[in-house]
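One structure below.
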Amino acid sequence: MMTDTYAWETASPEEMRMSSARLDAWRETLAARRTSDLLVVRGGKVVYEWHARGRGPESKHGTASLAKALVGGMSLLVALADGLVNLDDPAAEYVPQWRGHPLRGEITLRHLASHSSGLEDANAPRIDHFALGGWMEAFWRQEPDPFTISRDQVPFVFRPGTDYAYSNPGMAMLAYAVTAALQGTAHEDIRTLLRERVMRPIGVADDEWSVGYGKTFDVDGLPLVANWGGGAYTARAAAAVGLLMMAGGRWQGRQV
């Protein structure tokens with residue numbers, strides 16, 4: 010397993026058939042909109058990198074809902090590759106409280122991963138998360154924890170698999186299911202799974218990324234880590250994951 014930090018190759022924009030002048034203009038536009046970091050990678054090489062004052066390549070940036078891909082998606086892919094889960098498994102196989110429920114019992118892992126579970130989102134237009142009231146506000150305040158709320162309190166906006174609607178609680182239940190499937194393996198929580206199976210093998214140092222709001226919730230004996238938000242990655246760490254995905258999970262000639 011590779012644990013050394015990945016040494017990025019660099020090239021000028023012109024070497025990679027890009028325009029330095031246009032990238033400079035783009036940087037100015039983004040800086041005016043308070044963008045803090047810009048990294049352009051082409052052909053596996055860094056061709057342009059800029060960081061706002063006080064920041065650098067080692068600076069992490071909150072990923073917000075990009076965590077759904079970097080954390081939720083990547084952990085699901087590892088579990089799929091290891092044969093621990095299948096996309097069309099009923100979520101109730103991993104969530105005992107959903108067994109026999111007329112709607113929750115119909116939800117599959119595919120539904121959770123594709124926002125087609127029918128579970129309502131913990132959001133309302135133009136209302137701050139901490140002013141939503143009810144179960145939605147409790148989800149973001151993590152009181153008692155977002156996983157129990159997602160499992161037991163979230164209503165449906167449609168029958169599972171019949172429509173699409175963005176759902177943070179749906180992603181929470183994907184994390185719940187994947188974590189349940191990880192029990193008894195070498196890496197029983199999503200954070201450890203990503204560190205040992207993805208990030209270290211592709212040369213991303215531990216201090217270049219963090220996930221799950223820095224927390225682990227103990228629910229039903231499961232070490233649950235948020236996969237819908239709460240991540241922070243350096244630009245290069247996020248780019249490395251992107252390169253891994255573009256290569257179909259191969260890194261420097263090896264399947265991760």
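Each number in our numbering corresponds to the 1-based position in the sequence shown with 9 added. Here a beta-carbon is modelled for each residue, glycine too, at the ideal position from N, C-alpha and C. Source: prediction; values computed, not measured.
- Within a 10 Å sphere around the beta-carbon of Ser126 sit 16 or more other beta-carbons, which makes this residue buried.
- Rounded to whole angstroms, the separation of the alpha carbons of Ala181 and Glu129 is 12 angstroms.
- Inter-residue distance for Leu75 and His110 is about 31 angstroms (C-alpha atoms, whole angstroms).
- As for any alpha helix (DSSP H) of minimum length 4 sitting wholly inside the stretch 131-175, the runs are 143-150 and 155-161, ordered along the chain.
- CA-CA distance, Glu37 to Thr171, rounds to 44 angstroms.
- Nearest to Arg245 by C-alpha distance, out of Trp107, Thr72, His120 and Pro232, is Thr72.
- In the three-state DSSP reduction, Thr188 falls in the helix class (H, G or I).
- Ser219 and Gly82 have their C-alpha atoms spaced approximately 15 angstroms apart.
- Secondary structure at Ala241: strand, using DSSP grouped into helix, strand and coil.
- In the same chain as Leu32, and ignoring 5 residues on each side of it, the C-beta atoms closer than 7 angstroms to its own belong to Pro22, Val49 and Tyr57, in chain order.
- Straight-line spacing of the CA atoms in Asn177 and Gln151 works out to 13 angstroms.
- Assignment of beta-bridge partners to Arg43 by DSSP yields no partner.
- If you check the CB distance, Ala186 and Leu79 do not come in under 9 angstroms.
- A check of alpha carbon separations from Asp227 across Gly143, Thr157 and Glu146 identifies Thr157 as the nearest.
- Distances from the alpha-carbon of Asn236 to those of Ala256, Val213 and Arg200 put Arg200 closest.
- In this structure, Val207 lies away from Thr14, with their beta-carbon atoms at least 9 angstroms apart.
- Its Cα nearest to that of Glu102, the residue Gly114 stands out among Gly92, Gly114 and Asp91.
- If you check the CB distance, Ala189 and Val87 do not come in under 9 angstroms.
- Under the DSSP assignment, Val56 falls in the beta strand (DSSP E) whose first and last residues are Lys54 to His60.
- Thr117 is positioned such that its CB atom lies closer than 9 angstroms to that of Asp97.
- Taking a C-beta distance under 9 angstroms as the contact criterion, Thr243 and Val234 do not qualify as a contact pair.
- Residue range Met83 to Ala90 is occupied by the alpha helix (DSSP H) that includes Val87.
- Distance from the CA of Gly142 to the CA of Gln106, rounded to the nearest whole angstrom, comes to 25 angstroms.
- For Glu18, the CB contacts under 8 angstroms within the same chain, skipping 5 residues up- and downstream, are Gly53, Lys54 and Val55 in chain order.
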